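A.B. asks: Below is a structure I'd like to ask you about.
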Amino acid sequence: KNSDLIKDKSIKKLRDEAEKLAEEALQDMLKSENSSPKPKPKKRDLKSKYKSTQNTLHLTPSPSNTASPNPSNSPSSTPLPNPPSSKFPTESDGSIKFAVTTKKFVKTKKFRGKLYVDFRNYFEKDGSMLPTKKGIALDE
C-alpha cells in the first residue's frame, strides 16, 4: 500500500506541476497577444474594381449617341419630368439611353401611354451594341 500511496503522490505532484506550467504558458500567450499589435484587416480596393463610381451615381448620356454630353455631372435636386431633346440623346424610337457602365445602359421610353425604364446589359456585335436578355424593365 505504501508503494501505491507514493505513486499516487508522485502522480498528483506531476499533475500539479503540469497544470502550473500550462497555466503559465497560457498567461504568456495572452500577454503576447495583447501586447503585440494586431494586423489590420485588409480593405478591398474598390476603386480598382470599379474604375469610376461617379458614372453609377449620375446618369450620363450614352457615348454611342452623337448628341453633346450633359455639361454638368452634379446631381440636380429636382427630377426632370420631360427632359429637353436637345440636352439628352434620343434614339429613332424616341427613347432616351444613358450609359451606366461600358456594357450596361438605362433606357427610358413611353409605350402605350406608360413610362418604362429598362436596365439592360449590352454586347457588341458587328460594331453595334445589342441588348442581352439579362436586365429588367420597370413601369409606372
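In my numbering, the protein residues as written are 325 to 464. From the three backbone atoms N, C-alpha and C, an ideal C-beta is built for every residue, glycine too. It should be emphasised that the depicted structure is a prediction, and the values quoted were computed from it without experimental measurement.
Check for me: the beta strand (DSSP E) holding Ser452 runs from which residue to which?
C.D. replies: Reading the sequence shown from its first residue, position 128 is the one you call residue 452. Unbroken beta strand (DSSP E) run through Ser452: Ser452 to Asp463.
A.B. asks: Spatial neighbours of Leu439 within its chain, please: CB distance less than 6 Å, with the 5 preceding and 5 following residues excluded, ordered by chain position.
C.D. replies: To locate residue 439, count along the sequence shown from 1; it is residue 115. Here the set comprises Glu464.
A.B. asks: With Glu415 as the anchor, note down where its beta strand (DSSP E) starts and where it stops.
C.D. replies: As a first step, residue 415 is located in the sequence shown; it is residue number 91 there, counting from the start. That residue, Glu415, is in no beta strand (DSSP E); it is neither H nor E in DSSP.
A.B. asks: Quick check on Ile420: buried or exposed, where buried means 16 or more other Cβ atoms within 10 Å of its Cβ?
C.D. replies: Taking the first residue of the sequence shown as 1, we reach residue 420 at position 96. When all chains shown are included, Ile420 counts as buried.
A.B. asks: Quick one: grab the DSSP three-state call for Arg436.
C.D. replies: Along the sequence shown, one-based indexing puts residue 436 at 112. Residue state, collapsed to three classes: coil.
A.B. asks: Whole angstroms are fine: how far does the CA of Leu454 sit from the CA of Asp417?
C.D. replies: Taking the sequence shown and counting its residues from 1, one reaches residue 417 at position 93. Taking the sequence shown and counting its residues from 1, one reaches residue 454 at position 130. Cα-Cα distance, rounded: 15 Å.
A.B. asks: Could you pull out every residue in the same chain whose Cβ sits closer than 6 Å to the Cβ of Lys513, ignoring the five residues on either side in sequence?
C.D. replies: With the chain running from 325 to 464 in the structure shown, residue 513 is simply not present.
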